[in-house]
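I have placed the structure first, in the form of structure tokens, so that the comments after it can refer back to it.
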Amino acid sequence: MSPYVLFKDRNSAGEQLAQAIEDQMNLIRAQGVLAKPIVYALPRGGLPVAVPVALKLGCPLDIVVAKKIAQPEDPELAIGAVTADGQAIWSNRLPLPQDHPKLQEALRQAQEKAQDQFDRLAPNCPQISPEGAIAILIDDGIATGMTIAVAVSALQLQKPAQVWIGTPVAPLGLSKSLEQMCDRVIVLATPHQFFSVSRFYGEFSQVEIEVASTLLQQANQLP
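To convert a position in the sequence shown, counted from 1, into my numbering, add 20.
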């Protein structure tokens with residue numbers, strides 16, 4: 021086993037994260053905060069992590085779909101992120117002006133992917149608003165922070181009482197920026213050397229859309 025592996029798989033990481041989040045929830049309950057939690061996953065990889073959290077807290081599981089905006093000349097490099105409903109953020113190091121046709125086309129393609137994924141998963145999501153609730157946003161790991169940032173922005177527009185970020189692993193260097201973008205951050209591990217989320221998992225296969233749909237059905241006890 022690689023010395024970098026911290027978690028057996030996403031479900032195992034989710035069980036550990038669920039305990040850490042429940043501990044934080046108990047702390048604020050003791051302080052008199054009574055807002056109910058709703059767990060939001062970033063699909064698809066965030067769903068197997070989020071399910072144990074939602075089950076532990078006994079709350080609904082919903083999604084926020086966000087996709088990276090890829091640099092036209094280098095599809096592996098993220099220069100921004102966008103949600104299915106068009107909420108977007110951009111890197112402060114863009115290769116071209118933001119309104120350049122190439123970047124606008126990259127934005128359109130990313131939003132189209134996000135909308136398609138949302139449409140396929142939405143039938144298994146609860147019809148619920150985060151207004152006045154504690155919205156807990158979960159992903160399987162955070163690398164650059166752009167997709168989680170745009171997802172937080174999208175949730176904040178719906179006026180939750182608080183937005184939390186929960187993830188098994190994120191770079192140590194992102195800790196301050198994550199704390200600035202939300203009300204509470206729960207990260208199980210913050211390695212100095214990061215490179216990619218996948219290196220910290222023993223098993224990290226792609227979560228197929230059918231699996232993602234089933235996870236939502238099970239968490240929300242849908243037929």
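Where is the CB? At the ideal position from N, CA and C, for every residue including glycine.
Under the three-state DSSP convention, the category Lys88 falls into: strand
Taking just the CA atoms, how far does Pro121 sit from Cys79? 43 Å
Quick one: what's got a C-beta closer than 6 Å to Gln107's C-beta in the same chain, skipping five residues either side? Val170, Ser173, Ala174
Start-end ranges of the alpha helix (DSSP H) lying completely within the segment 119-190, minimum 4 residues: 121-141, 166-176
I need the straight-line Cα distance from Leu123 to Ile109, nearest angstrom please. 12 Å
With a threshold of 6 Å on Cβ separation, who are the neighbours of Ser104 within its own chain once the five nearest residues in sequence on each side are excluded? For the record, residue 104 in the displayed sequence is Ala; it is not Ser. Here the set comprises Val85, Ala134, Gln135, Phe138.
Where does Ala55 fall in DSSP's three states? coil
Segment limits, alpha helix (DSSP H) that includes Glu93: Glu93 -> no alpha helix (DSSP H), and no H or E assigned at all.
Where does Arg113 fall in DSSP's three states? coil
Is the segment 204-211 in contact with the segment 111-119, if contact means three or more CB pairs nearer than 8 Å? no
Per DSSP, the bridge partner or partners of Arg204: Trp184
For Lys196, which option in Arg219, Val227, Thr164 has the closest C-alpha, if you only look at C-alpha atoms? Thr164
Put Ala209 into one of helix, strand or coil per three-state DSSP. strand
Residues that Val102 bridges to, as DSSP identifies them: Lys87, Ala108
Three-state secondary structure assigned by DSSP to Phe220: helix
My understanding is that Gly34 touches Ala70, with C-beta atoms under 8 Å, so please give their C-beta distance in whole angstroms. 7 Å
Leaving aside the five residues before and after Met21 along the sequence, list all residues of the same chain whose C-beta is less than 6 Å from its C-beta, in chain order. Summary for Met21: the model assigns pLDDT 49, below 50, so the residue's position carries little reliability, and this model does not support an answer.
Collapsed DSSP secondary structure at Leu37 in the structure displayed: helix
DSSP beta-bridge partners for Tyr60? Asp82, Leu157
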